[in-house]
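Take the position in the first sequence, starting the count at 1, then add 63; the result is the number in this note's numbering.
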Amino acid sequence: MDASSDTAASSRIAQDLLAWYDAHGRTLPWRVAPGAAAGPDPYRVWLSEVMLQQTTVAAVKSYFAAFTARWPTVEALAAASEEDVMAAWAGLGYYARARNLLACAREVAARGGRFPDTEEGLRALPGLGAYTAAAVAAIAFGRRAVVVDANVERVVARLFAIDTPLPAARPLIREGADAVTPDERAGDFAQAMMDLGATICTPRAPRCLLCPLAASCAGRASGEPERLPVKAAKKAKPARRGRAFWIERERGGARDVWLVRRPGKGMLGGMRALPDDGWSARADGSGDPPLAGSWESAGRVSHVFTHFALELELAVLPGERTRAPGQGEPSGPGEWWPVDRLDEAGLPTLFAKAARLALAAEREPA
DNA sequence: AATTCGTGGAA
DNA sequence: TTTCCAAGAAT
Numbered sequence: 064m065d066a067s068s069d070t071a072a073s074s075r076i077a078q079d080l081l082a083w084y085d086a087h088g089r090t091l092p093w094r095v096a097p098g099a100a101a102g103p104d105p106y107r108v109w110l111s112e113v114m115l116q117q118t119t120v121a122a123v124k125s126y127f128a129a130f131t132a133r134w135p136t137v138e139a140l141a142a143a144s145e146e147d148v149m150a151a152w153a154g155l156g157y158y159a160r161a162r163n164l165l166a167c168a169r170e171v172a173a174r175g176g177r178f179p180d181t182e183e184g185l186r187a188l189p190g191l192g193a194y195t196a197a198a199v200a201a202i203a204f205g206r207r208a209v210v211v212d213a214n215v216e217r218v219v220a221r222l223f224a225i226d227t228p229l230p231a232a233r234p235l236i237r238e239g240a241d242a243v244t245p246d247e248r249a250g251d252f253a254q255a256m257m258d259l260g261a262t263i264c265t266p267r268a269p270r271c272l273l274c275p276l277a278a279s280c281a282g283r284a285s286g287e288p289e290r291l292p293v294k295a296a297k298k299a300k301p302a303r304r305g306r307a308f309w310i311e312r313e314r315g316g317a318r319d320v321w322l323v324r325r326p327g328k329g330m331l332g333g334m335r336a337l338p339d340d341g342w343s344a345r346a347d348g349s350g351d352p353p354l355a356g357s358w359e360s361a362g363r364v365s366h367v368f369t370h371f372a373l374e375l376e377l378a379v380l381p382g383e384r385t386r387a388p389g390q391g392e393p394s395g396p397g398e399w400w401p402v403d404r405l406d407e408a409g410l411p412t413l414f415a416k417a418a419r420l421a422l423a424a425e426r427e428p429a
């Protein structure tokens with residue numbers, strides 16, 4: 064096939080996909096209505112893209128609504144405290160995103176509240192990698208950019224029947240994505256590819272009968288498009304054990320629990336947490352409690368992270384809820400947090416589970 | 001280049 | 001139940 068017919072085929076793919084997108088694209092909170100007078104707000108595009116990194120649309124929706132209601136502009140977000148942003152991000156995972164989000168907002172606010180309008184300029188901001196920079200450039204600024212996420216990888220691998228295993232196939236896939244990306248409507252095209260991957264060209268049981276690109280798809284022609292893209296086998300997840308410590312005090316009828324702030328980098332970095340024995344440091348926990356006493360187990364919490372599974376034992380001090388100031392204070396930095404407002408502490412899911420266990424265990428002693 | 005970063009929903 | 005995996009980035 065010569066170069067000119069390649070170009071013609073690519074153009075047809077883009078046209079077919081954009082026509083499908085106009086009719087069947089998803090309606091999402093961070094998208095503007097088709098044909099809207101104003102283009103999308105770069106702040107909302109950027110915020111949604113960061114939230115959507117390795118995260119499902121369903122999980123993002125409520126966080127996007129909460130963030131945009133509380134911080135309607137990038138300047139408003141830039142003025143927020145890190146504590147508030149981290150707490151608002153709690154439960155969404157990959158917490159480095161929240162730290163980078165705030166750092167990025169502050170950089171953008173410092174340059175007048177305007178995001179760079181080129182892929183290269185965006186790529187230099189914290190938390191924007193190759194994908195996000197391309198996506199924001201295309202969606203918010205209408206730039207032609209080759210936007211490659213996991214959806215696009217799957218669609219392109221099937222479209223061209225690329226059976227080289229990932230990640231080695233990435234350069235080939237990028238070439239294919241580049242070849243089909245149009246000069247006009249690059250933002251719509253990127254979102255169309257992602258919608259297609261999310262609703263039609265799904266990992267398992269792709270719905271080729273509904274696909275606007277079926278006639279152009281080499282993967283479909285091969286008879287088993289679901290085989291693509293080929294991925295390397297996954298490693299087994301090691302199991303780790305650790306302990307977290309529930310320390311309460313009571314004063315004037317109000318109950319507090321002792322919370323710490325985790326180090327800025329590493330697991331759950333920068334998040335509020337229960338004190339623990341150091342389980343996150345590459346092995347089973349072995350550290351001492353932040354308070355001497357006769358610790359007992361109140362139960363266990365199972366939690367699966369990306370690269371290991373954790374069995375966390377929750378340790379309590381039975382009958383020592385009343386703690387006079389200065390008498391048996393936990394060692395190290397931390398803060399007493401009202402138990403009845405624990406949902407506002409912004410605990411990541413692991414510790415939210417542990418807290419639920421603690422409160423359930425005291426209602427129903429074992 | 002391979003690891004290290006969460007979480008919850010679907011099949 | 002287990003497995004897979006989602007609009008990836010940083011190092």
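Note that CB positions come from ideal geometry on N, CA and C, so glycine has one too.
In this text, all values refer to a predicted model and were calculated from it rather than measured experimentally.
For R363, no alpha helix (DSSP H) run applies; the uninterrupted beta strand (DSSP E) run containing it begins and ends at 359-367, by DSSP. With a contact defined as Cβ atoms closer than 8 Å, A268 and E289 qualify at about 6 Å. In the three-state reduction of the DSSP assignment, F371 falls in the coil class. The C-beta of P230 has fewer than 16 other C-beta atoms within 10 Å across all chains shown, which makes the residue exposed. Looking at the backbone, the Cα of V215 and that of Y126 are separated by about 25 Å.
Around the beta carbon of E183, a 10 Å sphere encloses fewer than 16 other beta carbons of the protein chains shown; the residue is thus reported as exposed. Proximity to E359 across F371, V379, V367, E170 peaks at V379, based on C-alpha coordinates. Pairing P228 with A295 gives a Cβ-Cβ distance under 8 Å.
Contact between the segment 151-166 and the segment 401-412 is present: 3 or more CB-CB pairs across the two stretches fall below 8 Å. By alpha-carbon distance to G316, the top candidate from D403, D351, W342, T90 is D403.
A distance below 8 Å separates the beta carbons of P245 and A77. If you look at V113, you'll find it in the alpha helix (DSSP H) that goes 105-114. C-alpha of V211 to C-alpha of A240: approximately 7 Å in a straight line. Rounded to whole angstroms, A200 and L420 show a C-alpha spacing of 45 Å. The Cβ atoms of D258 and G395 lie no closer than 8 Å to each other. Straight-line measurement puts the Cα of E425 at about 52 Å from the Cα of A253. For the 8 Å CB-CB criterion, R217 and P266 form a contact.
In its chain, beyond the 5 residues on either side, F178, A203 have a beta carbon closer than 6 Å to the beta carbon of P105.
Judged by DSSP in its simplified three-state form, L272 adopts helix. Excluding its 5 nearest sequence neighbours in each direction, A418 has C-beta neighbours in its own chain below 6 Å: L405, listed in chain order. In this structure, P393 lies away from L331, with their beta-carbon atoms at least 8 Å apart.
Closest by C-alpha distance to D340, out of I236, S73, G305, is G305.
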